[in-house]
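Residue numbers (this note's numbering): 491 to 996. C-beta: ideal position from N, C-alpha, C; glycine also. Nothing here was measured: the structure is a model prediction, and the numbers come from that model.
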Amino acid sequence: MKPILRVLFMIAEADPFIKIGGLGEVAGSLPAALHRLGQVQLPGDGQVSGSELEAPVEVDVRLAIPLHGAVQRKNYPLRSLANFRIPYGRGFTRVEALTYEGDGFPIYFISGPLIPVDAPVYSLDSAEDGLKYTFFSLAVLELVKILNWKPDVVHANDWHTAPAVYSLGINRQPGTFFFETSTLLGLHNLPYLGDKAGPGLAAFKLPPDTTTSLPAWARNMPLPLGLLAADHIVAVSPTYAREILTQEFGCGLQGYLKSRAASISGILNGLDVDKWNPQTDPALVRNFGLTSLDERLANKLALQEEAGLEVNGDIPLLTMIGRMDQQKGIDIALEALRQQANRSWQAIILGTGNHSLEESACQLEAELPDRVRTVIRYDSALSRRLYSGADAILIPSRYEPCGLVQMIAMRYGCVPIARATGGLKDTIRDFSASAESTGFLFAWDTPTALGATIRRALQLFADQEEWRAIQLRGMTEDFSWERSAREYLVLYQRLVSNRMKITTAG
Ligand code: ADP
């Protein structure tokens, strides 16, 4: 019989129950991929870094999320699992835990007065969220104790569930339920520290740190405290794992993170390759694949027509899709395009977010009405038409922990022109640097650097044979969640064996 590896995966949102952003995507895919992996013999075939898969294991993964008001309960028959109380303030607060077995593994939903049904998943004020998510984190730990299901690994994600890691860090004494449990904190976006969540921690008797390991300003914030307590920290790409050790990306925690460098690694997120498949995507005008790439042109022509741009396959069609946020560098893209106005190209920009960035994007359309279209809305179907019809996509992010846009684009034959940062650097091979290139990368977050790279791409677009080779290589990249899940499994196994050494030594 295969040994069982028990993984408790805690996170603020999970697709399809509730999805606001990238965390929801991850939670909608990774636990299921781990579950599937645990059902088969792991070959240890060298695909995993270090190919250290020890014995094959069965993975007993359980996912826990808050029962947010926006979860459509009628779509998911939830079964009540336990009612209990946890210490809160000077008394207690109520918890109801419910469960749903979706993909063959249990999903726990936590409900209670501190997760108000009318509250958004993320409030603008991290003070409010501090209470909600600290409650959630500790309620999940209490639940598995009540169920007498002892996780080998608690895998928490970002600041919302970091309180669970911190709580285990300070309470995991010999003889306690969680003594043998290892902790892992997934880092999806370092700048979100939960900066005003200190009172939420205090309400659940999680004290500020009293050592001097963290900078003084960070000693009462969930994410830094989680980083401090975690046995291991995983950033969502190897490059981001290195970048957070620097002043540019470290958000003031780089000194502490450097001291933990040996316990920090990066594992790229995957992509749901069934959901994003140009061969079957019903939103496309024409489906296509590796052996029918020529069909793709129909999508481009339809898109030009839809946008009211000149319908001409020879004009390079650029796109940009994403949140209008400083992080994404939309301002860099707008200026870079403005600087290329004497060349032949068209661009369709899709995004919502910061109003002044939205206005700047509309302004570019007003300046260059015959070649720029700006669409300010969230439109999943349009995004799919853009991935399938545009020739190239601009991704000038100032930082990008992993990024999905470039993976989707490559899968749809839309060539990425991206800043060499975080996951972008790890998933795209630059045309000048590699004979196996899948896109274009540039180093500096400036319009000049992006502009020069757009020119490189436009030049190559004229050589349709080369361009096609780049598209095809991008389309064959393995971005599956299975690849990521294998890496997580290796890491979990390593953590368990390290923890065993500690717990048996004393
Ligand atoms: P983020 O930092 O926003 O999570 P990612 O690159 O990881 O960035 O993922 C962004 C996801 O959201 C992609 O699937 C992208 O297609 C989608 N997206 C972003 N903005 C829009 C929009 N305005 N309309 C449709 N899809 C969008």
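Give the secondary structure of residue i by DSSP, where H, G and I count as helix, E and B as strand, and everything else as coil.
i      : result
Leu774 : coil
Ile944 : helix
Ser782 : helix
Met814 : strand
Val726 : coil
Gly534 : Bear in mind that a pLDDT of 45 at Gly534, under 50, signals an unreliable position, so the number given afterwards is only what the model happens to contain. Here Gly534 sits in coil by DSSP.
Tyr877 : helix
Leu568 : coil
Pro714 : helix
Tyr902 : coil
Ser922 : coil
Ser755 : strand
Pro698 : coil
Val763 : coil
Gln836 : strand
Pro506 : coil
Ala462 : Limits of the chain in this structure are 491 at one end and 996 at the other, which puts residue 462 out of reach.
Met491 : coil
Thr994 : helix
Leu520 : helix
Pro768 : coil
Ala910 : coil
Gly455 : Outside the shown range of the chain (491 to 996) lies residue 455, about which nothing can therefore be said.
Thr864 : strand
Tyr889 : coil
Would you kindly check if the distance between the Cβ of residue j and the Cβ of residue i is under 8 Å?
i      : j      : result
Gln865 : Ile839 : Inspection of the sequence shows that residue 865 is occupied by Val rather than by Gln. Yes, Cβ-Cβ distance for Val865 and Ile839 is below 8 Å.
Val986 : Asp764 : no
Ala654 : Leu628 : yes
Ala572 : Ala587 : yes
Leu824 : Leu780 : no
Leu799 : Arg861 : yes
Met965 : Gly903 : yes
Phe969 : Arg863 : no
Ala652 : Leu675 : yes
Gly512 : His678 : yes
Leu743 : Pro714 : yes
Leu914 : Ala908 : yes
Leu940 : Ile822 : yes
Asp881 : Leu807 : yes
Gly756 : Thr736 : no
Looking only at C-alpha atoms, which of the options sits nearest to residue i?
i      : options                        : result
Pro681 : Lys695, Pro698, Met711         : Met711
Asp550 : Arg575, Phe507, Lys492, Phe574 : Lys492
Phe694 : Thr624, Ala823, Leu718         : Thr624
Asp815 : Ala942, Asn844, Lys640, Val585 : Asn844
His525 : Ala617, Leu791, Val497, Leu793 : Val497
Gly929 : Gly665, Cys892, Ile885         : Ile885
Gly559 : Glu503, Leu808, Arg552         : Glu503
Asp615 : Ile597, Lys686, Asp608         : Lys686
Gly760 : Phe599, Leu783, Gly684, Ala517 : Ala517
Val944 : Ala708, Asn832, Tyr612         : The sequence given here places Ile at residue 944; Val does not occur at that position. Ile944 has its Cα closest to that of Asn832, out of Ala708, Asn832, Tyr612.
Leu948 : Pro906, Leu981, Thr911         : Pro906
Asn565 : Asp505, Pro603, Ile510         : Asp505
Could you check if residue i belongs to the surroundings of the ligand ADP, using beta carbon to heavy atom distance under 7 Å?
i      : result
Arg813 : yes
Ser999 : The requested residue 999 is not part of the displayed model; the chain covers only 491 to 996.
Arg732 : no
Arg867 : yes
Val726 : no
Cys892 : yes
Thr842 : yes
Val895 : yes
Ile898 : yes
Ser878 : no
Ser870 : yes
Gly511 : yes
Ser873 : yes
Measuring only from the beta carbon, is residue i closer than 7 Å to any heavy atom that is part of the ligand SAH?
i      : result
Ser846 : Absent from the structure shown: the ligand SAH. Ligands present: the ligand ADP.
At a Cβ threshold of 8 Å, is residue i touching chain D?
i      : result
Arg863 : In the structure shown, chain D does not exist; there is a single protein chain.
Any alpha helix (DSSP H) of 4 or more consecutive residues that is wholly inside the region 590 to 657 | For the region 590 to 657, whole alpha helix (DSSP H) runs of length 4 or above, ordered along the chain, are 616 to 636.
Ignoring anything shorter than 4 residues or poking outside the region 664 to 693, list the alpha helix (DSSP H) runs there in chain order.
-> You should have 688 to 693.
What are the uninterrupted segments assigned as alpha helix (DSSP H) that are 4 or more residues long and contained completely in the region 948 to 983, given in chain order?
-> Secondary structure in the region 948 to 983: the alpha helix (DSSP H) runs of 4 residues or longer, each lying completely within the stretch, are 954 to 965 in chain order.
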